[in-house]
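First comes the structure, then the notes that go with it.
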Amino acid sequence: MWRGNRREDAIVLDLQGERPARAAGRRGACSGTAHRRRSDSSGPGAPRCTVAPRRTIAMRTVIRGTGMYVPPHPVDNHRMARVMDTSHEWIVQRTGIVTRHFAPPGTATSDLAVPAARAALDDAGLEPDAVDYVVFATMTPDYYFPGSAPYFQRKLGLRDVPCLDIRQQCAGFIYGLQLADALIRSGQRRNVLLVGAEVHGGFMPWKCWDVLIDGADREVPAEEYEWNTRFRDRTVLFGDGAGAFVLAGEPRGEKDDRGLIDVLVYTRGELAEKLHTPAGGSAFRPYFSADMERTGAIVPIVEGREVYKIAVTLMPQIVEEILARNGMTTADLDLVVMHQANLRINEAVQRRLGLPDEKVFNNIQRYGNTTAATIPMAFHEARQAGLAKPGDLVCFVGLGSGLNWGAVLYRC
């Protein structure tokens, strides 16, 4: 049974597996060399995976700069109600979202990433030529291949700098932090630019972008309106945007506790179909077809109630796990930045962890779910608001399609 601060909240779930025993002091993220002890359950119970110890070495990873960018086209709930049968009240009650931003047709994900990266570099006081590795997290690449990272590299003028796309969806930025930390702590790289960016318009069902983005004064045809309404439970969630961190290596010195403390990630493929797009890829011949758009297969499937139950179980679990293995509790946290998928999920996670409002930052109300960009965007705004002060302990936590989830501890 899941052991959280609010055990009574877990009774609606089938959580049979006990948390695996861990040797005292074992630290680090679940790796490919871990020993697996799988049950036959595909439910949201505790992960069954031993973790490798995290070595203490002389270099630590610090966030040198942050930045974000959203397209200059805010779309509020009232405008969404012009293209499908919904309302401001319906959306807010279920998601907490008031507005989101959409990029106009023809805008690529890498286009949004460039201004976010430039803002992060400016914040870090670095020129682009100081970057020696790029990790680009997205589920909406510019092209099926080669993705987004090469185009982003070209636009930012980072010729020959290694650029890597990662596809962990809503957990992409957490996985990216683990990778960047490993590159820096191993001495392979000095300054890693980590980007999370998304343009979700390509899998939205509607054609009426002029109404949504430009506010065109026309009626949406009845057939199109009904078609859009079919997918309203998912499409109201998403927005476009980009966030970036400049991560750098810093020798341990007087401020030994500053920097990235720990990363913990998991994947549970048994739950992949809870959040997925049933179109495109090698599972189909051809990869893409007109029928996929005609039938709505390009629109993501989100099993909302199941995802809610899974998220409000696994996210508190992993926060408590990463704290416990570093000798900490939720009382030590100064700020929690969660993936911004749904405000109601985040509120439930907050309750289960027993966190006061002043220790949790949400901005989904203004931007919707920007997938891999939510955590860097939220942390950037939290920093700007003075909520991440030197010495503060921050926890990033996210969960998304795959099913992938993870948490990070960071000392400002």
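Heads up, the sequence shown is in the working numbering, so the first residue is -3 and it goes up one at a time. A virtual CB, placed ideally from N, CA and C, is assigned to each residue, including glycine.
A straight-line Cα-Cα distance of about 12 Å links Leu271 and Arg264. Contact check between the region 105 to 114 and the region 61 to 68: three or more CB pairs, one atom from each, fall below 8 Å, which counts as touching. Leu256 carries a strand assignment under DSSP once its states are collapsed to helix, strand and coil.
In the displayed model, Gly239 falls within a strand according to three-state DSSP. Per DSSP, the unbroken alpha helix (DSSP H) holding Glu85 starts and ends at 84 to 91. Our two residues, Leu256 and Pro312, have alpha carbons roughly 20 Å apart in a direct line. Cys391 is a Cβ neighbour of Val333, given a cutoff of 9 Å. Residue state for Trp202 is assigned as coil, using DSSP reduced to three classes.
Note on the region 127 to 153: whole alpha helix (DSSP H) runs with a minimum of 4 residues are 145 to 152, in chain order. Counting other Cβ atoms within 10 Å of its Cβ, Ser144 reaches 16 or more and is therefore classed as buried. Rounded to whole angstroms, the separation of the alpha carbons of Ala54 and Lys305 is 41 Å. In this structure, the beta-carbon distance from Ala193 to Arg163 does not fall below 9 Å. Leu310 is the residue among Met373, Leu310, Phe375, Ala378 whose C-alpha sits nearest the C-alpha of Arg348.
In the DSSP assignment, His376 falls outside any beta strand (DSSP E) and within the unbroken alpha helix (DSSP H) covering 370 to 380.
Taking a cut-off of 8 Å for Cβ pairs, the region 214 to 222 and the region 169 to 183 do not touch, as fewer than three such pairs fall below it. When DSSP assignments are scanned along the region 165 to 221, the uninterrupted stretches of beta strand (DSSP E) that are 3 or more residues long and fall wholly within it turn out to be 187 to 194.
Close CB contacts of Arg248 within its chain, under the 8 Å cut and outside five residues either way in sequence, are with Ala54, Met55, Arg56 (chain order). In the DSSP assignment, the residues bridged to His272 are Ile297.
Exposure of Thr291 is indicated by the presence of fewer than 16 other C-beta atoms within 10 angstroms of its C-beta. Taking a contact to require three or more Cβ pairs closer than 8 Å, the region 323 to 330 and the region 285 to 301 do not qualify as touching. For Thr263, the pairing in a beta bridge is given by DSSP as Asn400. Closest in alpha carbon position to Val58, among Phe280, Ala212, Arg181, is Arg181.
In the structure shown, the three-state DSSP call for Leu349 is helix. Between the C-alpha atoms of Ala104 and Asp138 there is a straight-line separation of about 5 Å.
Assigned with DSSP and collapsed to three states, Asn359 falls in coil, not helix or strand.
The continuous beta strand (DSSP E) containing Met55 extends over residues 55 to 65. Taking 9 Å as the cut-off, the beta carbon of Arg362 is found closer than this to the beta carbon of Val94.
The shortest C-alpha to C-alpha distance from Val404 to any of Ala286, Gly398, Asn342, Glu316 is the one to Glu316.
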